[in-house]
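This report concerns only the one structure given below.
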Amino acid sequence: MNKLKMKVDLNGLILNNPVTVASGTYGFGREYSELIDLNQIGAISVKGLTLEPREGNEGRRMVETPMGMINSVGLQNPGVHYFIENEIEFLRQFDTKIIANINGNTIEEYCEMARILSAEDVDSIELNISCPNVKNGGLAFGTDSLVVREVVAKVRKASKKHLIVKLSPNVTDIKTIAKIVEEEGADCISLINTMAGMAIDIHGRKPFLRRGSGGLSGPAIKPIALKMVYDVHSVVNIPVLGMGGIANATDALEFILAGASAIAIGTANFSNPYAPIEIKKGIEDYMRHYGEVDINTLIGNLRI
Amino acid sequence: MNKLKMKVDLNGLILNNPVTVASGTYGFGREYSELIDLNQIGAISVKGLTLEPREGNEGRRMVETPMGMINSVGLQNPGVHYFIENEIEFLRQFDTKIIANINGNTIEEYCEMARILSAEDVDSIELNISCPNVKNGGLAFGTDSLVVREVVAKVRKASKKHLIVKLSPNVTDIKTIAKIVEEEGADCISLINTMAGMAIDIHGRKPFLRRGSGGLSGPAIKPIALKMVYDVHSVVNIPVLGMGGIANATDALEFILAGASAIAIGTANFSNPYAPIEIKKGIEDYMRHYGEVDINTLIGNLRI
Amino acid sequence: MKFVGKVKLLKKQIINEENFSFIIERKNEMGLVLPGQFFNLSATKVGYPMLKRPISVSEVGENTIEFTIKIIGAGTKAMLDYNEGESIELVGPLGNGFEYYGYRKILVIGGGIGIAPLKGLINSLKKETVEIHSVLGYRDVPYIYEDFKARSEKIEIMSENDDRYRIGYVTEPVASLLEKNSYDMIYVCGPHPMLRSLTDLFNSKGIRAQLLMEEKMACGIGACLVCTCKTKSGDFGFKHSRMCKDGPMFYSDEVIFDE
Amino acid sequence: MKFVGKVKLLKKQIINEENFSFIIERKNEMGLVLPGQFFNLSATKVGYPMLKRPISVSEVGENTIEFTIKIIGAGTKAMLDYNEGESIELVGPLGNGFEYYGYRKILVIGGGIGIAPLKGLINSLKKETVEIHSVLGYRDVPYIYEDFKARSEKIEIMSENDDRYRIGYVTEPVASLLEKNSYDMIYVCGPHPMLRSLTDLFNSKGIRAQLLMEEKMACGIGACLVCTCKTKSGDFGFKHSRMCKDGPMFYSDEVIFDE
Ligand SMILES: Cc1cc2nc3c(=O)[nH]c(=O)nc-3n(C[C@H](O)[C@H](O)[C@H](O)COP(=O)(O)OP(=O)(O)OC[C@H]3O[C@@H](n4cnc5c(N)ncnc54)[C@H](O)[C@@H]3O)c2cc1C
Ligand SMILES: Cc1cc2nc3c(=O)[nH]c(=O)nc-3n(C[C@H](O)[C@H](O)[C@H](O)COP(=O)(O)OP(=O)(O)OC[C@H]3O[C@@H](n4cnc5c(N)ncnc54)[C@H](O)[C@@H]3O)c2cc1C
Ligand SMILES: Cc1cc2nc3c(=O)[nH]c(=O)nc-3n(C[C@H](O)[C@H](O)[C@H](O)COP(=O)(O)O)c2cc1C
Ligand SMILES: Cc1cc2nc3c(=O)[nH]c(=O)nc-3n(C[C@H](O)[C@H](O)[C@H](O)COP(=O)(O)O)c2cc1C
Ligand code: FES
Ligand code: FES
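Laid out in C-alpha cells, this is it:
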C-alpha cells in the first residue's frame with residue numbers, strides 16, 4: 347500500500363489531511379474526543395466565540411427538515427477569554443489544527459477578538475461574517491459588500507494570524523463577496539454557513555423555533571454549497587475550505603474536485619460521529635483506486 | 347360534514363381551491379390528465395413558454411440529490427404560438443385556471459409574449475424572472491432590483507391580464523425585490539423558483555449535468571422557501587402563491603400559515619402523482635379537525 | 023464509555039397500536055448502562071429521517087438492553103420496520119441517568135411512554151431494601167404496568183379515558199401520597215405539562231424530585247447545544263444547560279419552566 | 023391506462039450478489055402491459071431516495087408482473103429491503119414498449135441487466151411462429167439466460183471475464199450473425215456504449231433495430247422533460263424526445279449518439 351500524501355496547505359495553515367470539522371458542531375472537541383480519535387482530523391473549528399460569554403437563544407432551538415436541520419443556538423459560548431484559559435490546552439493535546447471561529451456584534455468587537463487571539467496558541471482565526479450587524483439593522487455583515495470590505499480589512503490589520511473568512515450563502519452574488527475578501531487580505535475562504543430557513547408547527551400555528559427562523563444545514567443544502575464552492579474557487583486564488591451537507595467520502599470528493607483544498611463536516615457528525623474518520627478513509631480509498639498519490643492533484647481537478 | 351369554503355382570491359384570479367401545480371413540472375396537463383382528475387386542481391401553471399420553440403439543453407438534464415433534484419431542462423417548449431393553437435383548448439376542458447408561465451431573453455421578448463397572451467383565453471400570466479438576461483451577461487433578471495423594476499413595469503403596461511411575478515430565491519434580499527414587484531403593479535407574487543445547485547460525478551470528474559449546474563427543487567429547499575414566503579408576505583399586500591418542496595398537506599399548511607394564499611406543487615408530482623389531490627384532502631381534514639370553515643382564515647394566521 | 027456502531031435487534035414486540043419494544047444486544051464497549059440514560063438510534067437503514075432518535079433504556083439485562091418506543095412521527099414509525107436479526111446503528115449510553123444510591127423509600131410517577139425509563143429504574147432496585155410507591159398515568163388503556171404492580175408497595179393507575187381505572191391526572195394521587203408519606207426520593211418522567219405541574223407542587227412543598235426531561239436533540243453528546251434546558255444559576259440568574267449531557271435528569275428545583 | 027398506487031410484493035428472489043427479482047401482483051387497472059414497458063417504483067417506504075426508480079417488466083403473467091433488478095446505487099440497494107407481503111408504491115405501465123407484431127425471425131441482443139426486458143419479450147412470442155437468435159453479454163458469470171437457451175434457435179453467451187463462456191463483447195458474434203442471416207427485427211438492450219457501437223454497425227449495414235434506452239427520470243410520464251433523448255428531425259435537424267414517453271424504445275436509425 348503506497349503512502350498517500352494527504353497534507354494540504356491552506357495558504358500557510360498546513361493540515362495533516364483535508365478533513366476538518368465545522369464550527370458549532372464540535373464544541374471544543376471534548377465530547378467527540380470520547381468517541382473518536384481527534385488526531386485524525388485535519389483541523390477543528392471551535393464553537394463560535396464572542397467577546398463576552400453568551401447564553402444563546404431560548405429553546406426550542408432545533409427542528410429537523412428533509413435531510414437537514416434548522417438551528418438557532420444563538421452563539422451560546424463561554425466567551426473568548428474562557429476559551430483561551432480553559433480550552434486551548436485541552437485541544438493542543440491532539441495533533442490537529444485549532445481554528446478559532448469569531449463572531450461580533452460590531453466591527454470593533456471582531457477586531458478586539460482578533461487582537462486578543464493573535465497572542466494565543468491557535469492556528470487560525472475564522473471570521474464568521476454571517477452574524478447580524480447590530481449597527482446595520484441586524485442584516486448579516488456578510489451580505490453587504492461594503493461592510494464585508496471594511497470588516498475584513500480591519501480584522502486583517504488587527505491580527506497577523508492566519509485568517510479564514512467564512513461566507514454567508516444568503517447572497518445574490520457570492521463571487522463578488524469572495525473577491526473582496528481576497529483583496530482585503532484573507533488567507534483562505536470557508537463556505538458555506540447555514541442558509542436562512544423556517545419550519546412551522548401547524549398544530550400550534552407557530553414556528554417550531556422560538557426565534558421564528560434559523561440556519562439550515564445538512565445534506566439538503568449540499569448542491570447549493572457545492573455550486574458556491576465551485577463558483578468561488580473559479581474567481582479567487584486563495585484556497586477554499588468547503589462545507590455544507592458533506593456526509594460521506596463521495597460528498598467530500600465532490601467538494602475537492604469543485605475546488606476545495608479542504609472540507610469541513612458539520613451536521614453529519616450528529617448522525618454519524620465517525621464521519622470524519624470514515625470520510626478520510628474513503629478519500630484515501632478513492633485515491634488508491636485511481637492511482638492518485640497526492641490529494642493536491644485532485645483539488646479543482648474537474649474536466650469541464 | 348360541513349361544506350368548507352376552499353375558494354381563494356389571488357387578487358382577481360379566483361381559484362376553486364388553493365392547490366395548484368408548478369410550471370415545468372406538469373407540461374400542459376396532458377400526461378397527468380391520464381392519472382388524476384385535473385378538475386380538482388386550483389390552477390395549472392404550464393411549462394415555461396418562450397416566443398420561439400426551444401429544444402432546451404442537451405442531456406444529461408437531471409440529477410437527484412438528498413431529498414431534492416437538480417434540473418437543467420433549459421426551457422424546452424413548443425413556443426407561445428403552438429401553446430395557443432394546441433394546448434389552451436385542451437386545458438379548457440377542465441374546471442381549473444390556466445396560468446401561462448413566460449420566459450424571455452430580453453425585456454422586449456417578455457412584453458411581446460404578454461401582448462400576445464392578452465388576447466388569449468388564459469387566466470393569468472406568470473412572469474418568470476429567473477431567466478438569464480442575455481443583455482446583462484446572463485445574470486438572472488430577477489436578481490437585480492433595477493432590472494426587476496423595468497421588466498415588471500413594462501410587462502404590466504403590455505398586458506391587462508392578471509399578472510403573477512415569480513421570484514428567484516438566489517438573492518440577498520427577497521423583500522426588497524418583492525416590494526418593487528408590488529409597486530410596479532403585479533397582482534400576485536409566486537415564489538420560490540429553483541435554487542442554483544450542482545452535483546459532481548467523482549468517477550467521471552465532471553458535473554452530472556451537461557450544463558454544469560442547474561436548479562434545485564424538492565423537499566430539501568422547503569425550509570428556505572417557507573422563510574422567503576413568510577418574509578415576502580410580511581412586506582407586501584398582494585397575495586402570495588407559495589411553493590418549494592411541498593410534498594404533503596402539512597407542508598402546504600405551513601406555507602398557508604406563513605402567508606401563502608395558494609400553494610403550488612412541483613417536484614412532489616413526480617414522486618406522487620396523486621399529491622395535489624391528497625394535499626387538498628389533507629388541508630380539508632385539518633380544517634374540519636380544527637373547526638375552520640374558510641381556508642382564508644388560515645392564510646398568514648400565525649401566532650408569533 | 024460510549025458505543026458507536028451497530029447492534030443486532032434480537033426481539034421486537036408489539037405492545038399495542040402505538041407502542042412497541044426492541045431488545046438489542048448489549049455490547050461490552052457500552053460499559054455501565056444506568057436507568058435514565060438513553061441511546062441515540064438510527065430510525066432507518068437508509069438514513070432518513072437523518073437525525074438519530076433518543077430513546078431511554080427501559081430495561082438493562084446482562085447481555086441485552088430493552089427500549090420501549092411510542093410511535094410519534096416519521097422516525098419512530100420507520101423504526102418499527104426493523105426486522106429481528108437486522109442491525110441498528112446507535113450511540114450510547116448517553117446522559118446522566120437517575121441517581122438512586124442509598125434511598126430506601128421512593129415514589130415514581132410516570133405518564134404515558136414516560137413510564138418506560140422508570141421501569142428500568144425500579145427493576146434495578148433491590149426488593150429487600152427499597153420501598154416503592156408508583157403512580158402511573160395514561161391517556162387510554164394502560165400498558166407496561168406489570169412490573170410496577172409486582173414491585174410496588176402502593177400503586178395507583180390512572181387513565182384519562184379508560185373508566186376501568188381511576189379517571190384523572192397523576193397530580194391528584196401524588197398530592198395525597200405526599201400528604202401521608204415522606205420519600206427519600208421522587209422520580210418523574212412524562213409529558214412536559216405533567217412535569218411542570220408536578221414541579222409546581224414539589225416547589226410549593228419544598229421537596230425535590232428527579233425529572234427525566236425531553237428536548238429535540240442532534241448530537242446527543244453535548245457538543246451542538248441545540249437541546250437546551252433553562253436552569254437556575256445563582257439566586258436570580260439562569261443558564262442554558264444541555265439536556266443531553268447535563269441531563270436528561272434534572273432536579274426539579276434546578277429547572278426553570280417558563281413557557 | 024396507468025396504475026398509480028400500491029401493489030403487494032409476492033415473491034423476492036436473490037439471483038446473485040448484484041441482482042434480484044420481484045414478483046408483484048398485477049392489477050386490473052394496469053390494463054395491457056407490454057414487453058419493453060416499465061414501471062416507476064418507490065425505492066423505500068420512507069420515501070428516500072425521493073424519486074421513483076424506472077424498472078422494466080421482465081415477465082408479464084396473468085396475475086403477476088416480474089421485475090429483475092440490479093443493485094446500482096442507494097435506491098436499488100434499498101429496494102432489496104422490501105419484504106414479501108409488503109406493498110410497493112408504483113406507477114405504470116409506462117413508455118412505448120417493443121413492437122413485435124408479425125415478425126418471424128428476430129435477433130435479440132442483451133448486455134447485463136439489459137437482458138431482463140428481452141426475457142419479457144421472448145417469452146411473449148409464440149414458439150411456433152417466431153425464430154429467435156440470441157446474443158447475451160455479461161461482465162462476469164452469466165445469469166437469467168435459461169429462457170433464452172430454451173427458446174432460441176441460436177444462442178451465443180459472452181462474458182468479459184468468465185472463461186467458461188466465449189470471452190469478448192457482443193458486437194463480434196452479432197456481426198457474424200448478420201453476415202449469415204437476415205432478420206425481420208433486431209432488439210437491443212444494454213449499456214450505452216453497447217447500444218452505440220451496435221447502432222454504428224446497423225447504420226453501416228443499412229438495417230435498423232429497436233433499442234431499449236435509459237436516462238435518469240423524474241416524472242416517468244412525459245411531463246417534466248428531464249429524460250431527453252436526441253433524435254433525428256428532418257434530414258439535418260434534431261429534436262429532444264422524451265425517453266420515458268416517446269421511448270424507452272427507439273429505432274436505431276432515429277437516435278443521435280453524440281457524446
Ligand atoms: C432523552 C430522551 C429520551 C427519550 N426516551 C424515549 C423512550 O424511551 N421512548 C419513546 O418512545 N420516546 C422517547 N423519547 C422521545 C423520542 O425521542 C421522540 O418521540 C422521537 O424522537 C420522535 O421522533 P419521530 O421522528 O417519530 O417524530 P417527529 O417527526 O420528530 O415528530 C415529533 C412531533 O412533531 C410533530 N410534527 C412533525 N412535523 C410537524 C409539522 N410540520 N407541524 C406540526 N407537527 C409536526 C409530529 O407529529 C410529532 O408529534 C425520548 C426523548 C429524549 C430526549
Ligand atoms: C426505462 C428504464 C428501464 C429500466 N429497467 C431496469 C431494469 O429492468 N432493471 C434494472 O436493474 N435497472 C433498470 N433500469 C435502471 C435503473 O432505473 C437504475 O439502475 C436505477 O434507477 C438506479 O438507481 P439507484 O438509486 O440504485 O442508483 P443511483 O443512486 O441513481 O446511482 C446511479 C449511478 O450513479 C452513481 N453515483 C451516484 N452518485 C454519485 C456521485 N456523487 N459521484 C459518482 N457517482 C455517483 C452510482 O454509484 C451509480 O453508478 C432502467 C432504467 C430505465 C430508464
Ligand atoms: C448547531 C450548529 C451550530 C453552528 N454554529 C456555528 C458557529 O458558531 N459559527 C459558525 O461559523 N458556523 C456555525 N454553524 C455552521 C456550520 O459551521 C456549517 O457552516 C454549516 O452547518 C454547514 O455545514 P453542514 O451542512 O455540514 O452542517 C453551525 C451549524 C450548526 C448545525
Ligand atoms: C423539471 C422542472 C422544470 C421547471 N421549469 C420551470 C419553468 O419552465 N418555469 C418556471 O417558472 N419554473 C420552472 N420550474 C420551477 C418550479 O415551477 C418550482 O418553482 C420549483 O421547482 C420549486 O417547487 P418544488 O420544489 O415543489 O418543485 C421547474 C422545476 C422543475 C423541477
Ligand atoms: S443534542 Fe447536541 S448538545 Fe444536546
Ligand atoms: S421523466 Fe419526466 S418527461 Fe421523462
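Chains as they are written, first to last, in this note's numbering: chain A, 347 to 650; chain B, 347 to 650; chain C, 23 to 281; chain D, 23 to 281. Ideal Cβ placement from N, Cα and C applies to all residues, glycine included. None of the values given here were measured: they were computed from a predicted structure.
Beta-carbon proximity of Tyr-576/B to Ala-545/B, cut-off 8 Å
no
Quick one: list the residues of chain B neighbouring Ala-240/D, beta-carbon separation under 8 Å, in chain order.
Contacts between Ala-240/D and chain B, judged by CB atoms closer than 8 Å, involve Met-408, Met-415, Asn-417, Thr-613, Phe-616 in chain order.
Check this for me: beta carbons of Gly-114/C and Lys-24/C, under 8 Å apart or not?
yes
Residues of its chain near Ala-368/A, where Cβ-Cβ distance is below 7 Å and the 5 sequence neighbours each way are ignored:
Apart from sequence neighbours up to five positions away, the residues of its chain that approach Ala-368/A with a beta-carbon distance below 7 Å are Ser-391, Met-589, Ala-610, Ile-611, Gly-612, ordered along the chain.
Contact defined as beta carbons within less than 8 Å: I believe Ser-156/D pairs with Phe-170/D. What is the distance between those atoms, to the nearest angstrom?
4 Å
Can you pull the chain C residues whose beta carbon is under 8 Å from the beta carbon of Lys-67/D, in chain order?
Ala-100, Asp-103
Since Asn-225/C is in the alpha helix (DSSP H), which residue starts that stretch and which ends it?
Unbroken alpha helix (DSSP H) run through Asn-225/C: 214–227.
Is Ala-240/C helix, strand or coil by DSSP?
coil
Excluding the 5 residues preceding and the 5 following Met-216/D in the sequence, name in chain order all residues of the same chain whose CB lies nearer than 6 Å to its CB.
Gly-133
Would you say Tyr-70/D lies against chain C (beta-carbon separation less than 8 Å)?
A Cβ of chain C is located within less than 8 Å of the beta carbon of Tyr-70/D.
Could you check whether the segment 455–474 of chain B touches the segment 485–503 of chain B, counting it as contact only if at least three pairs of C-beta atoms, one from each stretch, sit closer than 8 Å?
yes
Indicate whether at least one CB of chain D lies closer than 8 Å to the CB of Leu-437/B.
no
How long is the line joining the alpha carbons of Phe-440/B and Ser-505/B, rounded to whole angstroms?
Here the alpha carbons of Ser-505/B and Phe-440/B stand approximately 25 Å from one another.
Please confirm if His-262/D has its CB atom under 8 Å from at least one CB of chain B.
yes
Contact check, Met-413/A vs Pro-565/A under 8 Å by CB: the rounded distance?
Between Met-413/A and Pro-565/A, the beta carbon gap of about 4 Å places them in contact (Cβ cut-off 8 Å).
Would you kindly check if the distance between the Cβ of Gly-58/C and the Cβ of Met-265/C is under 8 Å?
no
Under 8 Å, Cβ to Cβ, is there at least one residue of chain A near Val-29/C?
no
Could you list which residues in chain B have their beta carbon closer than 7 Å to that of Arg-551/A, in chain order?
Leu-603, Asn-647, Leu-648, Arg-649
Of the listed residues Ser-174/C, Ile-131/C, Ala-240/C, nearest to Pro-195/C (C-alpha basis)
Minimum Cα distance to Pro-195/C is reached at Ile-131/C.
Would the beta-carbon of Val-277/C be found less than 7 Å away from any heavy atom of ligand 5?
no
Taking the alpha helix (DSSP H) that Lys-49/D belongs to, which residues open and close that run?
It is not in any alpha helix (DSSP H) - Lys-49/D carries neither H nor E in the DSSP assignment.
What beta strand (DSSP E) runs, 3 residues minimum, are completely inside the segment 364–398 of chain B?
365–367, 389–391
Considering only their Cβ atoms, is the gap separating Glu-237/D from Cys-251/D smaller than 8 Å?
A Cβ-Cβ contact shorter than 8 Å links Cys-251/D with Glu-237/D.
By DSSP, does Phe-89/D sit in helix, in strand, or in coil?
strand
Would you mind reading off the limits of the beta strand (DSSP E) that contains Ala-610/B?
606–611
Taking CB distances under 8 Å as the criterion, tell me whether Gly-370/A reaches chain B.
Contact of Gly-370/A with chain B is not assigned, every C-beta pair being separated by 8 Å or more.
If you measure from the CB of Leu-247/C, is any heavy atom of ligand 5 nearer than 7 Å?
yes
Would you check if the segment 120–130 of chain C and the segment 207–216 of chain C touch, i.e. whether three or more CB-CB distances between them fall below 8 Å?
yes
Need the endpoints of the alpha helix (DSSP H) that Ile-144/C sits in, please.
For Ile-144/C, the uninterrupted alpha helix (DSSP H) run begins and ends at 137–144, by DSSP.
Output the distance between the C-alpha atoms of Ala-598/A and Val-354/A, rounded to the nearest integer angstrom.
14 Å
DSSP beta-bridge partners for Ser-80/D?
Beta-bridge pairing links Ser-80/D to no other residue.
To the nearest angstrom, report how far apart Leu-116/D and Ser-174/D are at their CA atoms.
28 Å
Identify each residue in the segment 548–572 of chain B for which the Cβ-Cβ distance to at least one residue of chain D is less than 8 Å, and report them in chain order.
Gly-564, Pro-565
List the DSSP bridge partners of His-155/D.
Leu-129/D, Lys-176/D
Should Lys-267/D be flagged as near chain B, meaning a C-beta pair shorter than 8 Å?
Closer than 8 Å: yes.
Is DSSP giving Leu-282/D helix, strand or coil here?
Any question about residue 282/D goes unanswered here, given that chain D covers just 23 to 281.
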